[in-house]
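Residue numbers (my numbering), protein chains in the order written: chain A, 49 to 240; chain B, 110 to 475.
Even for Gly, the Cβ is constructed at its ideal location relative to N, Cα and C.
Here is the structure we will look at, set down as structure tokens.
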Amino acid sequence: MKSVKSCFKKAQIGMIEMIMVMIVVVVIIVIGMVFYFKFSGSSMEKTQERISEDKAAVIISSVAQLPEIECSHLKGRGAKGCVDTLKLLVLSMKDKEGNPDFVEHRRHYSDLFGYMVISVEQLHPQTSGKECDISIFGLPDYPEAPPIGCGNWTIYNNPKKGAGSVFRTMPVALYYPTNRAYTLGQLKVTIY
Amino acid sequence: MLKYRLSKKADVSPAFQYIFALIVGAIILIFFIKFAFKAESTGKEVIKAEVLHSLDASMQAFSVSVSSTDLLPSTPWPQLVDMKFGTGANCGKFTVTGQKFLVPIPRIVFGPEQMKARQLKAWTTSWYFPFRVTNIFYLVNDRSKYYLIFNANNQDFVKRISSTPPATAVFEMDHLPREFDVKYYDSEADAVAKLKINDMVKVNYFEEKNGVSNGLKGSSLVVSNYCMDEDEPGYKCSGTVTFYEGNKLTGASTFIGRELMFAAVMADSIGVYQCQYGRALDEMERMINVYTAKAQRLATKRQECEYDGKYNSIIGMLNNMKGKIQVLKTNPGDSDTALQLSNLADLINEFNDNDLGGYEECEVLF
Chain A
49 MKSVKSCFKK AQIGMIEMIM VMIVVVVIIV IGMVFYFKFS GSSMEKTQER
99 ISEDKAAVII SSVAQLPEIE CSHLKGRGAK GCVDTLKLLV LSMKDKEGNP
149 DFVEHRRHYS DLFGYMVISV EQLHPQTSGK ECDISIFGLP DYPEAPPIGC
199 GNWTIYNNPK KGAGSVFRTM PVALYYPTNR AYTLGQLKVT IY
Chain B
110 MLKYRLSKKA DVSPAFQYIF ALIVGAIILI FFIKFAFKAE STGKEVIKAE
160 VLHSLDASMQ AFSVSVSSTD LLPSTPWPQL VDMKFGTGAN CGKFTVTGQK
210 FLVPIPRIVF GPEQMKARQL KAWTTSWYFP FRVTNIFYLV NDRSKYYLIF
260 NANNQDFVKR ISSTPPATAV FEMDHLPREF DVKYYDSEAD AVAKLKINDM
310 VKVNYFEEKN GVSNGLKGSS LVVSNYCMDE DEPGYKCSGT VTFYEGNKLT
360 GASTFIGREL MFAAVMADSI GVYQCQYGRA LDEMERMINV YTAKAQRLAT
410 KRQECEYDGK YNSIIGMLNN MKGKIQVLKT NPGDSDTALQ LSNLADLINE
460 FNDNDLGGYE ECEVLF
């Protein structure tokens, strides 16, 4: 009687031992994989952040020299770092303000820029900070002297909700062709 | 008896335990082997995806130059990449052989349609027509070779636009960069010899031809006299280009501006050239829209200038230019329209400089 019971017990204990060992091995493997993926995930996030920072620096330099906004009257190298406010006004026109050709512009720029917001702000002389648009441009006091009426142009607005972003600025000279005046501004780029 | 049977049960169970352990061990081993192979292939896919995106990023960084040459990317790719530039329905896109997805390249790029390289030689120059339109990019790898074939009538011009213009040239003309190693010869002999060691060899003639040697790619450019005169601005240069593969004619087109003349030299097929030419014309159209809108705004503010209808005149010329671009987009081989566009660009430039720039009350458009 005693030997029958002990045979059963030995076999059962043996089987249970085996199962426990397997469970422990699997748990160790799962923990190892969790750590591995966490580590590689965080290292990829760091790489992505570094790439975004580099990308932001490159993008802001290339935006400043787009023929669509640069001061073309200065020709070639002289145009570097100078932005034509009349071109900014043209590019920031809303679709309802009417040139249907500019709807096509935006499709082209979304291929070029993706998720980004690009704007220009006048720093000196200070302005009210209002967004410059065609209605303000039409006012008689725009800009007889360096303007106080408005000082912001949003030329590309395509943010990505819920995503992280990198923000960069770059000083630029702002040129007013209507009265041939130069002021100081900054180009602002937010990359998502 | 019972005791014997029971002791057999206890004896047999270790064998099942070993079998069980063997099976589980094999499953775990197979899992990790598969994981390792999957990680390796994912790594290769990541490299290919990085290639697709890093080339565009490199070109973006490079695009701030008015005219410059460089190696892209600055750090060579870890492995030889077999890349292809899309044509036709995939125009403006770029992929790596073996990849399913294509990445849009929002830049005007001319070069061989297919290239294998770890690093590419790149040249960019601003295209003025007559205002700055965009930067044009020219890409080439070490396994592609270009030649310029001259004759007695055009040897001076051909030598001056090659990668090694003669030191005795009195004036420097825009020419292909030294790094591209585009040599001039009076025959195709050297080009044919290079077929054995290069993936692509292209010969460019500056006269009418009916084909090139078998195995070679070729183009025959007929350029206007303005192209050969270094005193004339680049936008006055226009002409036609015919593409060949051996003695088979594959297509014909036009070019406007010296920068697009170089593009016709560097493009190895009509597909690449037409695709990028169309995109270049789209860019020009966009810039015309910007300047037209700018002129309209200036007309409202500079009324003492607009009294003579100057801004309206230039708006008319820009609209005319836009019309001709539409014609050229539909029929890129229309050499008359190409010539008219070049003449119009010259007219607009003169008007801008003299009729607007020459008067205190007027502001130049560009």
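Return the chain-ordered list of same chain residues with a C-beta closer than 6 Å to the C-beta of residue i, the five sequence neighbours on each side being excluded.
i        : result
B:Tyr113 : Note that B:Tyr113 scores a pLDDT of 48, beneath 50, so its modelled location is shaky and nothing firm can be said.
A:Ile76  : none
B:Thr351 : Ser329 and Ala361
B:Ile424 : Thr401 and Ala404
What is the residue span of the beta strand (DSSP E) that residue i lies within?
i        : result
B:Val249 : Arg241 to Val249
B:Ile258 : Ser253 to Ile258
A:Glu245 : Nothing in the structure corresponds to residue 245 of chain A, since chain A is present only between 49 and 240.
B:Met375 : It is not in any beta strand (DSSP E) - B:Met375 instead sits in the alpha helix (DSSP H) that spans Arg367 to Met375.
B:Leu465 : Counting along the chain, B:Leu465 falls outside any beta strand (DSSP E), and DSSP gives it neither H nor E.
B:Met224 : Gln223 to Ala226
A:Arg216 : Val214 to Tyr224
B:Val190 : Val190 to Phe194
B:Lys303 : Per DSSP, B:Lys303 belongs to no beta strand (DSSP E); it is in the alpha helix (DSSP H), Ala298 to Lys303.
A:Lys229 : Just to set this straight, residue 229 of chain A is Ala in the shown sequence, not Lys. First-last of the beta strand (DSSP E) with A:Ala229: Ala229 to Ile239.
Thinking residue i and residue j are a contact (beta carbons under 8 Å), I'd like their distance in whole angstroms, please.
i        : j        : result
A:Met218 : A:Ile107 : Not quite, the Cβ-Cβ distance comes to about 10 Å (not below 8 Å), so this is no contact.
B:Gly327 : B:Lys311 : 6 Å
B:Ser172 : B:Thr234 : That belief does not hold up - the Cβ atoms of B:Ser172 and B:Thr234 are roughly 11 Å apart, past 8 Å.
B:Glu478 : B:Thr178 : Residue 478 of chain B lies beyond the residue range present for chain B, which begins at 110 and ends at 475; the question has no answer from this structure.
B:Phe219 : B:Met375 : 5 Å
A:Asn206 : A:Phe161 : 7 Å
B:Lys225 : B:Leu189 : 6 Å
B:Asp464 : B:Lys410 : About 18 Å separates the two Cβ atoms, so there is no contact after all.
B:Thr359 : B:Ser444 : Contact flag wrong, Cβ pair sits at about 18 Å.
For residue i, which option in the options has the closest C-alpha, if you only look at C-alpha atoms?
i        : options                                   : result
B:Val160 : B:Trp186, B:Ala148, B:Thr178 and B:Ile139 : B:Trp186
B:Phe240 : B:Glu470, B:Met430, B:Asn429 and B:Met396 : B:Met396
B:Met213 : B:Asp455, B:Asn199 and B:Glu469           : Note that residue 213 of chain B corresponds to Pro in the displayed sequence, not to Met. Of the candidates B:Asp455, B:Asn199 and B:Glu469, the one whose C-alpha sits nearest the C-alpha of B:Pro213 is B:Asn199.
B:Phe238 : B:Tyr416, B:Gly324 and B:Met393           : B:Met393
B:Gln385 : B:Gly134, B:Gly195 and B:Pro123           : B:Gly195
B:Val267 : B:Asp462, B:Pro441, B:Tyr416 and B:Phe371 : B:Phe371
B:Asp308 : B:Ile424, B:Gln435, B:Ala261 and B:Asn250 : B:Asn250
B:Arg367 : B:Lys254, B:Gly348, B:Lys357 and B:Thr359 : B:Gly348
B:Gly432 : B:Thr243, B:Asn421, B:Tyr314 and B:Asp391 : B:Asp391
B:Ser322 : B:Asn313, B:Val331, B:Asn356 and B:Met337 : B:Asn356
A:Asn227 : B:Lys225, B:Leu407 and B:Glu415           : B:Leu407
A:Thr238 : A:Leu222, A:Pro225, A:Val168 and A:Gly197 : A:Val168
B:Gln449 : B:Phe210, B:Pro275, B:Asn458 and B:Met430 : B:Met430
A:Thr242 : A:Cys130, A:Ala105, A:Val69 and A:Gly177  : A question about residue 242 of chain A goes unanswered here, because the residues of chain A that appear run from 49 up to 240.
B:Ser163 : B:Met192, B:Ser176 and B:Glu149           : B:Met192
B:Asn398 : A:Arg216, A:Leu139, A:Phe215 and A:Lys236 : A:Leu139
B:Glu341 : B:Asp455, B:Ile245 and B:Phe315           : B:Asp455
A:Gly233 : A:Pro173, A:Tyr84, A:Glu97 and A:Gly197   : A:Pro173
B:Tyr344 : B:Leu369, B:Leu138 and B:Ile217           : B:Leu369
B:Thr273 : B:Asn262, B:Tyr255, B:Glu354 and B:Glu470 : B:Tyr255
B:Ser422 : B:Val301, B:Asp445, B:Leu453 and B:Ala276 : B:Leu453
B:Thr206 : B:Ile217, B:Asp462 and B:Gln223           : B:Gln223
B:Lys202 : B:Lys305, B:Arg388 and B:Gly320           : B:Arg388
B:Glu316 : B:Asp299, B:Gln264 and B:Pro275           : B:Gln264
Excluding the 5 residues flanking residue i on each side, which residues of the same chain have their C-beta closer than 8 Å to its C-beta?
i        : result
B:Ser296 : Ile258
B:Ser271 : Leu257, His284, Leu285, Val291, Lys292 and Tyr293
B:Met110 : Low confidence applies here, because B:Met110 scores a pLDDT of 47, under 50, leaving its location unreliable; read the following figure in that light. Same-chain partners within the cutoff: there are none.
A:Phe185 : Leu137
B:Ala130 : none
Take residue i and list the residues in its own chain whose beta-carbon comes closer than 7 Å to its own, dropping the five residues that flank it on each side.
i        : result
B:Gly152 : none
A:Pro195 : With a pLDDT of only 49 at A:Pro195, under 50, the local geometry of the prediction cannot be trusted, and the value read off the model is given with reservation. So the list reads Thr175, once near-sequence residues are dropped.
A:Ala193 : Caution applies to A:Ala193, whose pLDDT of 42 falls short of 50 and renders its modelled position unreliable; the value that the coordinates give is listed next. Excluding sequence neighbours, A:Ala193 sits near nothing in its chain.
A:Ala104 : Val214, Arg216, Val237 and Ile239
A:Cys198 : Thr175, Ser176, Lys178, Glu179, Cys180 and Ile184
Starting from residue i, trace the alpha helix (DSSP H) both ways and give me its first and last residue.
i        : result
B:Thr481 : For chain B, the structure presents residues 110 to 475; residue 481 of chain B sits outside this window and is missing.
B:Gln208 : Element bounds for B:Gln208: n/a, residue is neither H nor E.
B:Tyr335 : Asn334 to Met337
B:Asn421 : Lys419 to Thr439
B:Thr178 : Per DSSP, B:Thr178 belongs to no alpha helix (DSSP H); it is in the beta strand (DSSP E), Ser176 to Leu181.
B:Gln264 : Gln264 to Ile270
B:Lys311 : Run containing B:Lys311: none in the alpha helix (DSSP H); it sits in the beta strand (DSSP E), Met309 to Tyr314.
A:Thr133 : Thr133 to Leu139
Give, in chain order, every residue of the stretch 420 to 433 of chain B whose Cβ lies closer than 8 Å to some Cβ of chain A. none
Under 7 Å, CB to CB, which of the residues in the stretch 365 to 376 of chain B have a partner in chain A? none
Cβ-based contacts, 8 Å cut-off: residues of the stretch 405 to 417 of chain B near chain A: Arg406, Leu407, Thr409, Lys410 and Arg411
With 8 Å as the limit, tell me which residues of the stretch 57 to 68 of chain A have their beta carbon closer than that to any beta carbon of chain C; keep them in chain order. No chain C appears in this structure, whose protein chains are A and B.
Given a limit of 7 Å on CB to CB distance, which residues of the stretch 192 to 207 of chain B reach chain A? none
At a Cβ cut of 9 Å, what residues of the stretch 252 to 283 of chain B count as close to chain A, listed as they run along the chain? none
So if I threshold CB-CB distances at 7 Å, which residues from the stretch 214 to 225 of chain A count as touching chain B? Pro225
The stretch 68 to 96 of chain A: positions lying closer than 7 Å to chain B by Cβ: Met70
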